[in-house]
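Working notes for the structure below.
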Amino acid sequence: MVESRDAIDRKSLEIYSIISENIRYRDYSHIDLVALFFHEIMVYSTNFHIINSSSIEYQQEMKFPFLNSRYCRDIYRVEFKRGSKLSKPKSLYNIMEAIQSIIPLDRSIYISPSNSKDIKDFIVRNIFKYRFRQLSHGVYLPNWGDEVGRLRSLLYSIGETLNIGEGLDIFVDNFIGYVESFREDREIDTPENSYLLIDSNLTIQNRINSASFLQRGSRVISLGHGEHNIQIFDEPIVEYGELTYATDYITYGSREIPLSSRLFKRPDIYYRDSTIISNIFKGAEVKFKPIDGRSRVLYVPTSFSGNMRYGPYRDISDRDYAFWQRRLLAKGYNISYKGHPNGREYINFKIDSFEERPLVDILDDYDIFILDYISTASALLFATDKPIIFFDIAVRNLNSVVKSHFYDRVFRHKIDFKIDISSQIESAFRSYNRGRRGYINRYTE
Numbered sequence: 038m039v040e041s042r043d044a045i046d047r048k049s050l051e052i053y054s055i056i057s058e059n060i061r062y063r064d065y066s067h068i069d070l071v072a073l074f075f076h077e078i079m080v081y082s083t084n085f086h087i088i089n090s091s092s093i094e095y096q097q098e099m100k101f102p103f104l105n106s107r108y109c110r111d112i113y114r115v116e117f118k119r120g121s122k123l124s125k126p127k128s129l130y131n132i133m134e135a136i137q138s139i140i141p142l143d144r145s146i147y148i149s150p151s152n153s154k155d156i157k158d159f160i161v162r163n164i165f166k167y168r169f170r171q172l173s174h175g176v177y178l179p180n181w182g183d184e185v186g187r188l189r190s191l192l193y194s195i196g197e198t199l200n201i202g203e204g205l206d207i208f209v210d211n212f213i214g215y216v217e218s219f220r221e222d223r224e225i226d227t228p229e230n231s232y233l234l235i236d237s238n239l240t241i242q243n244r245i246n247s248a249s250f251l252q253r254g255s256r257v258i259s260l261g262h263g264e265h266n267i268q269i270f271d272e273p274i275v276e277y278g279e280l281t282y283a284t285d286y287i288t289y290g291s292r293e294i295p296l297s298s299r300l301f302k303r304p305d306i307y308y309r310d311s312t313i314i315s316n317i318f319k320g321a322e323v324k325f326k327p328i329d330g331r332s333r334v335l336y337v338p339t340s341f342s343g344n345m346r347y348g349p350y351r352d353i354s355d356r357d358y359a360f361w362q363r364r365l366l367a368k369g370y371n372i373s374y375k376g377h378p379n380g381r382e383y384i385n386f387k388i389d390s391f392e393e394r395p396l397v398d399i400l401d402d403y404d405i406f407i408l409d410y411i412s413t414a415s416a417l418l419f420a421t422d423k424p425i426i427f428f429d430i431a432v433r434n435l436n437s438v439v440k441s442h443f444y445d446r447v448f449r450h451k452i453d454f455k456i457d458i459s460s461q462i463e464s465a466f467r468s469y470n471r472g473r474r475g476y477i478n479r480y481t482e
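Next comes the structure, spelled out in structure tokens:
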């Protein structure tokens, strides 16, 4: 039985609305536990709904707030140790801080222990200009009891929406225990002229660090990722995660893409070029190439999710995704499979041609690309002058402003999992070949 994506999205949006109504501070002037743990509440609640309403047995290890079938069937108590969820300092950064301690540097930049290549490159370029310090702080709140009380009330409301019934008290207590593991007894102490440089604020450690800085009136700079502008998605996660808890947000692209809602105070947004995309992009014209037995085709899927699922607009079950992939690869065309770095352990079906080389190194080796998900990989493929067949399996929600450019760039075919998949794929390939049209890449521009 194929799960209902619409039902998952509807329930997820209902939960999103409940959480949104319980936010007290939207300008970061005070730390608000509901706002601070918005993403984790969404994950905990929607993951419970997805697993509890599924016929699939999710047997994976539980990595709270992601759950499994055993927990959802019979909610049991989970113990959390104080400070256990905080990020651990990295030894390499400890060495750097020791070296910098003997260098006279006036300004400090704080960073989280885990960082992207962009931030690491920035550190290397400026190691003799700024003093870089690791920050792995917990949540300090003088009114902790009041905030926990508000959070507890919200969780009971969500639990009733999920029809949890017996086990609701434990459901609530476990999440409160998870939040308590991030509690700090002292306020953060940083120099007045310092600021925080982070990657995505979807990471709870980054968000906690950011909230502490913003409450003090300090600057927080967040770097976008994925080689594309995060505003291409019209999804709650953009509003409550990526574009929150920062004074400045640096993303890819050249202009602002309007969003349909504004949940929190929006950071100032700055735009930058992607060196990788600039090196790939050859112009707006995309020449048609037929898909047949002679064409070299690369299918680039996203990763399998296991039990680490949440809504809305995120993924489909591994069972359904594997079923779809088997049907696609069985069509007899020369299709190579570009495995996701974290996905091979989930593949339980035969693949004739498994491509393991880095995507940026093989773009010229293929004539046509097949996609079913919008991600970093799609940003790279869109920048090429090769045709793209995009199978819409309804897992991401594009911004309406972006859709026209997206549809001009790809051949799009919507897939309905309730009817025969193989015939839909064959129909898509026939329609693509009959059209014999070129495509225009305004998406990358």
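Using the working numbering, the first residue of the sequence shown is number 38, and each one after it goes up by one.
Yeah, the Cβ is synthetic: ideal placement off N, Cα and C, and Gly gets one too.
Computed from a predicted structure; not experimentally measured.
**Prompt:** Are D271 and N434 touching if we call contact CB-CB under 9 Å?
**Reply:** Yes. Within cutoff.
**Message:** Do G261 and T240 have their beta-carbon atoms positioned less than 9 Å apart in this structure?
**Reply:** no
**Request:** Can you give me the start and stop residues for the beta strand (DSSP E) that D206 sits inside?
**Result:** Run containing D206: none in the beta strand (DSSP E); it sits in the alpha helix (DSSP H), L205 to E217.
**Message:** I want to check one thing, is the minimum distance from the CB of V71 to the heavy atoms of the ligand HEM below 8 Å?
**Reply:** The ligand HEM is not part of the structure shown, which contains no ligands of any sort.
**Prompt:** When you compare only the Cα positions, how much space is there between L50 and I426?
**Reply:** 30 Å
**Item:** Own chain partners of Y62 with C-beta closer than 6 Å, once the 5 adjacent residues on each side are dropped
**Value:** D69
**Asked** If you draw a straight line from the C-alpha of K302 to the C-alpha of P395, how long is it?
**Response** 38 Å
**Prompt:** Nearest to S354 by CA position, among L365, T339, S54 and L366, is which residue?
**Reply:** The residue with the shortest Cα to Cα distance from S354 is T339.
**Prompt:** Pick from G278, E40 and Y113: whose alpha carbon is nearest that of L73?
**Reply:** Taking only the C-alpha atoms, the option nearest L73 is G278.
**Prompt:** Can you tell which of R449, H174 and K118 has its C-alpha closest to the C-alpha of R467?
**Reply:** R449
**Asked** How many angstroms separate the CA atom of A359 from the CA atom of Q97?
**Response** 17 Å
**Prompt:** Comparing alpha-carbon positions, which option in Y193, S218, G202 and N436 lies nearest W181?
**Reply:** Taking each of Y193, S218, G202 and N436 in turn and checking the Cα distance to W181, the smallest one comes out for S218.
**Asked** Does the distance from the C-beta atom of S106 to that of A44 stay below 9 Å?
**Response** no
**Message:** Quick check on Y370: does DSSP put it in helix, strand or coil?
**Reply:** Reduced to three states, the DSSP call for Y370 is coil.
**Item:** DSSP state of L129 mapped onto helix, strand, coil
**Value:** helix
**Asked** Ordered along the chain, which non-local residues of its own chain (more than five positions away) have a Cβ less than 7 Å from that of S194?
**Response** I55
**Prompt:** When the Cα atoms are used, what is the spatial distance from H174 to N246?
**Reply:** The straight-line gap from Cα to Cα measures roughly 6 Å.
**Message:** Just to confirm the assignment, what range does the alpha helix (DSSP H) spanning L192 have?
**Reply:** W181 to T198
**Request:** Taking only the alpha-carbon atoms, compute the straight-line gap between Y282 and R223 and give it to the nearest angstrom.
**Result:** 20 Å
**Prompt:** Does DSSP put E51 in a helix, in a strand, or in coil?
**Reply:** DSSP, read as helix, strand or coil, puts E51 in helix.
**Prompt:** Can you tell me the Cα-Cα spacing of P141 and E229, whole angstroms?
**Reply:** 17 Å
**Request:** Would you mind reading off the limits of the alpha helix (DSSP H) that contains Q242?
**Result:** Per DSSP, Q242 belongs to the alpha helix (DSSP H) from I241 to Q252.
**Asked** Among residues of its own chain, excluding the 5 on either side of F318, which ones have a beta-carbon nearer than 7 Å to its beta-carbon?
**Response** A420 and T481
**Asked** Cβ of D505 within 9 Å of Cβ of D409?
**Response** Outside the modelled stretch of the chain, which goes from 38 to 482, sits residue 505, for which no answer is possible.
**Request:** Would you kindly check if the distance between the Cβ of I87 and the Cβ of G330 is under 9 Å?
**Result:** no
**Message:** Just verifying my parser: in three-state terms, what is the DSSP assignment at Y167?
**Reply:** coil
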